[in-house]
Amino acid sequence: MNTQHSCSLMTAGVLACAVIGFAPRPASAQAVIDSVVGDHHKLPVTAVGCLQSEKEYRRTHDSGRGGFLRTGAGDGNEFILVNATIGLRSMQVAPASEAEVNNCAASPDNGQAIELTGHAERDLGPMVGHRVVLNGMLKHAKHDPEAVGTSGEFTPRPTGGGIDLTGAELALREINVDAFALAPIAAPVREAAAIASPEPAPAPAPEPEPQAAPAQPPAPAAPAPELPKTASPLPTIGLIGLLSLAGALGLRLFTRVQA
Numbered sequence: 001m002n003t004q005h006s007c008s009l010m011t012a013g014v015l016a017c018a019v020i021g022f023a024p025r026p027a028s029a030q031a032v033i034d035s036v037v038g039d040h041h042k043l044p045v046t047a048v049g050c051l052q053s054e055k056e057y058r059r060t061h062d063s064g065r066g067g068f069l070r071t072g073a074g075d076g077n078e079f080i081l082v083n084a085t086i087g088l089r090s091m092q093v094a095p096a097s098e099a100e101v102n103n104c105a106a107s108p109d110n111g112q113a114i115e116l117t118g119h120a121e122r123d124l125g126p127m128v129g130h131r132v133v134l135n136g137m138l139k140h141a142k143h144d145p146e147a148v149g150t151s152g153e154f155t156p157r158p159t160g161g162g163i164d165l166t167g168a169e170l171a172l173r174e175i176n177v178d179a180f181a182l183a184p185i186a187a188p189v190r191e192a193a194a195i196a197s198p199e200p201a202p203a204p205a206p207e208p209e210p211q212a213a214p215a216q217p218p219a220p221a222a223p224a225p226e227l228p229k230t231a232s233p234l235p236t237i238g239l240i241g242l243l244s245l246a247g248a249l250g251l252r253l254f255t256r257v258q259a
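So the sequence shown is numbered by this note's numbering: it starts at 1 and just counts up by one.
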């Protein structure tokens, strides 16, 4: 095989590799795979769950006290996110009730726990027992993008375990925490009776109109006072006699004239 022929074969091989390397990938997985950065396969994620101290987690799960080879293992400055939900940075966190956010220890366990690391971990102490939202980098996420769903949530692949003679390792996936906050609290739902409009009070009955007082009948006229009986009938009798006498005299006189 001459040198020119060998060069041609090498050139063809390089071109074939380039074509294969630039072959289109599924759009749904490409964006997630592109977010895996560096040689350590860290994936930017959002996580929400109940914050628990590592010491309490080990006691609850009978996972030992932590190994002497790991500085601070099991101490008060190490934390675990239990009942965790993991998703891409774009994952939307649904609000929870105030009781669940402020006291999440009684929340149902979904079986997923994440060990927390990073410079922001030391500030998580006051959040223990609360539901929190974390932003950070999921470590060793080389194969996790394949599990991403349309909602942006996914279940991190297990670490694979292994024999740990020191008892320091929890065999949990880790998130290097960059920022954290208290999970959003849903507005309280008021009782239906409280939000129902109160029935209007019945209108007061109209007051009766004042009746006009009946007209008083006019008072009867007082009877005329009777005159005292002090006069005598004799003058009247005398007057009648006088008139009779005058009439007789006149009649006699008239008779004579006619004769």
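In this text, a Cβ means the ideal position worked out from N, Cα and C, and glycines have one as well.
None of these values were measured; they are calculated from a predicted model.
Task: Rounded C-alpha distance that separates V133 from R59 - done: In the sequence shown, counting from the first residue as 1, residue 133 sits at position 133. In the sequence shown, counting from the first residue as 1, residue 59 sits at position 59. So the two alpha carbons sit approximately 24 Å from each other.
Task: L43, DSSP secondary structure in three states - done: Counting from 1 along the sequence shown, the entry for residue 43 is found at position 43. Strand, per DSSP.
Task: Residue range of the alpha helix (DSSP H) that includes G238 - done: Residue 238 sits at position 238 when you count from the first residue of the sequence shown. Residues 234 to 258.
Open item on the list: Short of 6 Å in beta carbon distance, which residues of its chain neighbour N176, apart from the five on each side in sequence? Order them along the chain.
Closed with: Locating residue 176 in the sequence shown gives position 176, where the first residue counts as 1. Here the set comprises T117, G118, G136, M137.
- [ ] Using the DSSP secondary-structure output, state which residues sit across from C104 in a beta bridge.
- [x] In the sequence shown, the residue the question calls residue 104 occupies position 104. None; C104 has no bridge partner.
Task: Neighbour flag for S244 against chain B, beta carbons, 8 Å - done: Of the protein chains in this structure there is only one, and it is not chain B.
Open item on the list: Using only CA atoms, which one of M127, R122, V148 lies nearest to V45?
Closed with: For the purposes of this step, residue 45 is taken as residue 45 along the sequence shown, with counting starting at 1. Looking at the Cα atoms, V148 is the closest of the given residues.
Open item on the list: Going by DSSP, what residue range makes up the beta strand (DSSP E) through E174?
Closed with: Residue 174 sits at position 174 when you count from the first residue of the sequence shown. Per DSSP, E174 belongs to the beta strand (DSSP E) from 173 to 182.
TODO: Take I278 as the anchor and find which of V93, G87, G111 has the nearest alpha-carbon.
DONE: Nothing can be reported for residue 278, as the shown portion of the chain is limited to 1 through 259.
TODO: Evaluate D178 with the Cβ neighbour count: other Cβ atoms within 10 Å of its Cβ, from every protein chain shown; 16 or more gives buried, anything less gives exposed.
DONE: Looking up residue 178 in the sequence shown gives position 178. Under this definition D178 is an exposed residue.
TODO: Measure the beta-carbon distance from L51 to G129 and round it to whole angstroms, keeping in mind my assumption that it falls under 8 Å.
DONE: Here residue 51 corresponds to residue number 51 of the sequence shown, with the count starting at 1. Here residue 129 corresponds to residue number 129 of the sequence shown, with the count starting at 1. Yes, they are in contact, since the Cβ atoms of L51 and G129 sit about 7 Å apart, within 8 Å.
Task: Among F79, G87, H41, the one whose alpha carbon lies nearest that of G152 - done: Start at 1 with the first residue of the sequence shown, and residue 152 comes out as number 152. Per the Cα distances, G87.
Task: Assumed close pair E121, F154 - CB separation to whole angstroms, cut-off 8 Å - done: Residue 121 sits at position 121 when you count from the first residue of the sequence shown. Residue 154 sits at position 154 when you count from the first residue of the sequence shown. Not quite, the Cβ-Cβ distance comes to about 23 Å (not below 8 Å), so this is no contact.
- [ ] Go to T60, then tell me how far its alpha helix (DSSP H) extends in each direction, as first and last residue.
- [x] Position 60 of the sequence shown, counting from 1, holds the residue named residue 60. 54 to 61 is the span of the alpha helix (DSSP H), which, as asked, contains T60.
TODO: Could you tell me if S53 is buried or exposed, where buried requires 16 or more neighbouring beta carbons within 10 angstroms of its beta carbon?
DONE: Against the sequence shown, residue 53 aligns to sequence position 53. With 16 or more Cβ atoms within 10 Å of its Cβ, S53 is classed as buried.
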